[in-house]
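A short worksheet on the structure shown next.
Protein chains: 2
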Amino acid sequence: MSSSMSETRTGHAGLCLHTVTTRPWPIETAIEKYAAAGIGGITIWRDAVEDRDTAVLRRQIQDAGLEVVSLCRGGFFASNELQERNAALEDNRRVIELASDLGAPLVVLVCGADPRQDLADSREQIHDALVTLAPYAAERGVKLGIEPLHPMYADTRSAINTLRDARVLAERVGETNVGVVVDVYHLWWDPELEAELKKLKSEQLFGYHICDWRVPTEHMLTDRGIMGEGCIPLAKISTWVRETGFSGFDEVEIFSTRLWSQDQDTVLKRITEAWNG
Amino acid sequence: MSSSMSETRTGHAGLCLHTVTTRPWPIETAIEKYAAAGIGGITIWRDAVEDRDTAVLRRQIQDAGLEVVSLCRGGFFASNELQERNAALEDNRRVIELASDLGAPLVVLVCGADPRQDLADSREQIHDALVTLAPYAAERGVKLGIEPLHPMYADTRSAINTLRDARVLAERVGETNVGVVVDVYHLWWDPELEAELKKLKSEQLFGYHICDWRVPTEHMLTDRGIMGEGCIPLAKISTWVRETGFSGFDEVEIFSTRLWSQDQDTVLKRITEAWNG
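These protein sequence lines are chains A and B, in that order.
Per this note's numbering, the first sequence runs over residues 6 to 282.
Per this note's numbering, the second sequence runs over residues 6 to 282.
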C-alpha cells in the first residue's frame, strides 16, 4: 500500500490514524503510541479533546513529530427545523475554531440528513450551510471536506452518498476551501467510483480514509475491519486516488467494538503491518 | 397510495403480498388470508413451496382469486469458482421451471456477489448468466427481473446496486424477457432514482416492491418497516413508477423479525390500512 504514498515520507510516515480507531486510549496515549510506531499523522476526533487545553495538546503533537491531518467531525446541517439548522451552523463555527486552535487544516463533514424530510431538501440545506460557513473557515485557514457516506446512512447521517454528489456539491459551493474526502468504506461499491475519481482534481480531494468491509458485517456502524480483513479492493482504489495527484496521508478510520475490546498495542501493530502489506 | 394503481382493480386488488412478509403462516394460510382481505396478488417465496404439490397449490391460488405475481428468488450468479457458477445456472433453471409450474410470469433475481473477487468481475458473470438463461426462461413464458439491491448488500448478495446498473445490464442482455424490478428499500436514497425511472420504458419494469426504512434500522436484513413506519418518500416514488406506464401490483415485501413475532392477522390488517393511507 505504501508504494503510492508521497515520496517524501518513509516507513509509516505516510500513515495517519484517527483517534477513534484506538478509542480506548486517551489522546495523550495515542499521540505517544502513534509517534513510537513511526506514524506520521493524526486525525483528531472531537470527543478525544473534550476538557483538554488545546494549546498544550497542539504542542504535545508537534513535539511528538506528528502532523495534525484533520478534525472529525463537523456537519449535520440538515433539519426540517430552522432552529436546529442555526444551532448546527453555530456548532460548526466552534468546530472550525477548534480545528484552527489545534492546527488542523481540515474539518471533515458528515453532512447530515433528517428522516422527517426529503433527501433533496436536506441536500439544499447542506449546500446553504456550506455557502455560509466557507468564508468563516477560510478566514481561519481551515478547509471543509464533504465526506460522502454510504447509502445505508442516508436516513440520519448524510444525504450525500456518492462521490459524484459530493463533487457536484463542492463545485456548486465554488469556494477553494470546500472539497471532498474519500472513504473506501462508503464508496467501494460504487460502479462509478473510478470514473468519478478521474473527474476529481487533486485540489478538490482533501482526504483519503481507509479500512475494510467485513463479511458478514454485523453492525451498521461499528463493525469495520482492518485493511485486508474484508472485501474492499483497496490497492485498486488507492491507485485511482493517487492518480488524481493526491499526495496526502492514508488515514485509518476504523469503528469496531471488536477491535476496541482488544489490546490496543496489538491493534496498532496489526494496522501498521496491514498498511505495509 | 392506491390512487395510482391500475384502474381496473378496486379495494386492495392492486396490492400483492410476498409470502415472506407473513412468514409465520404456511402458504396455504397466506393464500386464504390474503384473499379474505381482498388482496389481488401473491408473490411466492421459494421456501414457502418446499415439499408442496405445485399443481395443487396453483389451483388453490386460482380458486382463491389471487394472481401469482412473481417467484422469489433466483440469481446468485457470481462466484470466483466455475463449478459454483455452473451450479447456480442449474439451480436457476429449476427456479424458472418452478415459476412456470406455479404460473408465475416472473422470477425476481438477486444477482449475487462474491467478496473473493472484484464487483466488476461479478457483474460480468451476472451478465453472462442472464444471456445463458434468458432463452430458457422465454421458452417457458417466464420473465427475469433484475432487482438492484442496496449497496450495503454489495459484499455477498448483489453487485447490481443502482437502478442505472440494472437497466444498463438488462439492455446489454437485450432480451425482451429480461428487465428490472424496483424495490424502494434498495433505491430510495439514490439521487438519480427519478431520472433513471424516467429513462425506463414500462416494458422494462417488471415489478415494484414497497415497504419502509426504519429509523434507526437495527438489523441490516430483517428490520424493514410497514409503509409509513420509516423515511422512504413512498408516494413520490410510486408516482414516478406509475409515470413509466407501469400498471402492475404494489408488492409488499417486508423482512422483519419484529413483525414476524407479532400476530399475523394484525400485521396483515396494518399493511392493508397503510396501503390505503
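The beta carbon of each residue, even a glycine, is placed where N, CA and C say it ideally should be.
query: Which bits of chain B does residue 159/A rub up against, with CB to CB less than 7 Å?
result: 194
task: Tell whether a beta-carbon distance below 8 Å holds between residue 112/A and residue 149/A.
output: yes
task: Report the residue from 152/B, 194/B, 84/B whose alpha carbon sits nearest the alpha carbon of residue 124/A.
output: 194/B
- request: Quick one: using the 10 Å Cβ neighbour count with 16 as the cut-off for buried, is residue 264/A buried or exposed?
  value: buried
- prompt: Ordered along the chain, which non-local residues of its own chain (more than five positions away) have a Cβ less than 8 Å from that of residue 290/B?
  reply: What is shown of chain B runs 6 to 282, which leaves residue 290/B out entirely.
task: Report the residue ranges of all beta strand (DSSP E) runs contained in full by the segment 104 to 136 of chain A; include only those spanning at least 3 residues, in chain order.
output: 111 to 115
- prompt: Can you name the start and end residues of the beta strand (DSSP E) that residue 26/A belongs to?
  reply: Where residue 26/A is concerned, there is no enclosing beta strand (DSSP E), given that its DSSP letter is neither H nor E.
- request: Enumerate, from N- to C-terminal direction, the unbroken beta strand (DSSP E) stretches of 3 or more residues contained entirely within the segment 54 to 93 of chain B.
  value: 72 to 80
field: Rounded separation between residue 39/A and residue 28/A - CA only
entry: 13 Å
task: Look up residue 231/A in the DSSP assignment and say whether it is helix, strand or coil.
output: coil
field: C-alpha distance - residue 146/B paired with residue 102/B, whole-angstrom precision
entry: 10 Å
message: Considering only the alpha carbon of each residue, which of 215/A, 22/A, 272/A lies closest to residue 49/A?
response: 22/A
field: Cβ of residue 232/B within 8 Å of any chain A Cβ
entry: no
field: Partner residues on chain A for residue 245/B, Cβ-Cβ distance less than 8 Å
entry: Within 8 Å Cβ-Cβ: nothing; residue 245/B doesn't reach chain A, min ~13 Å.
- prompt: Along chain B, which residues have their Cβ under 7 Å away from the Cβ of residue 170/A?
  reply: 196
task: Would you kindly report the start and end of the unbroken alpha helix (DSSP H) that includes residue 274/B?
output: 269 to 281
message: With a threshold of 8 Å between beta carbons, is residue 123/B in contact with chain A?
response: yes
- request: Starting from residue 262/A, trace the alpha helix (DSSP H) both ways and give me its first and last residue.
  value: 262 to 265
- prompt: Is the Cβ of residue 100/B closer than 8 Å to any Cβ of chain A?
  reply: no
- request: Identify whether residue 148/A lies in helix, strand or coil by the three-state DSSP scheme.
  value: strand
- request: Confirm, please, whether the CB-CB distance from residue 69/B to residue 32/B is below 8 Å.
  value: no
- prompt: Helix, strand or coil: which one does DSSP assign to residue 226/A?
  reply: coil
Reference residue 178/B; option with closest CA among 257/B, 189/B, 81/B, 139/B: 139/B
message: Please report the distance separating the alpha-carbon of residue 204/B from that of residue 186/A.
response: 31 Å
For residue 17/B, the three-state DSSP class (helix, strand or coil): coil
field: Residue-level contact to chain A via CB, residue 220/B, 8 Å cutoff
entry: yes
message: Contact criterion: CB-CB distance below 8 Å. Does residue 214/B meet it with respect to chain A?
response: no
- request: Flag this pair as touching only if the segment 112 to 122 of chain A and the segment 71 to 89 of chain A have three or more C-beta atom pairs under 8 Å; answer yes or no.
  value: yes
- prompt: Mind checking if residue 166/A is an interface residue toward chain B, Cβ cutoff 8 Å exclusive?
  reply: yes
query: Do you know how far the Cα of residue 64/B is from the Cα of residue 281/B?
result: 29 Å
- prompt: On the three-state DSSP scale, how would you describe residue 48/A?
  reply: strand
query: Using a Cβ cut-off of 9 Å, which residues of the segment 123 to 155 of chain B contact any Cβ in chain A, in chain order?
result: 123, 124, 125, 128, 155
query: Since residue 238/B meets chain A, which of its residues come closer than 7 Å, beta carbon to beta carbon?
result: 123
- request: Using alpha carbons as the reference points, say which of 55/B, 99/B, 162/B lies closest to residue 225/B.
  value: 162/B
- request: Can you tell me which of the three DSSP states residue 178/B falls into?
  value: helix
message: Could you check whether the Cβ of residue 8/A sits closer than 8 Å to any Cβ belonging to chain B?
response: Here residue 8/A scores only 40 on pLDDT, less than 50, and its place in the model should not be relied on; the value that follows carries that caveat. Closer than 8 Å: no.
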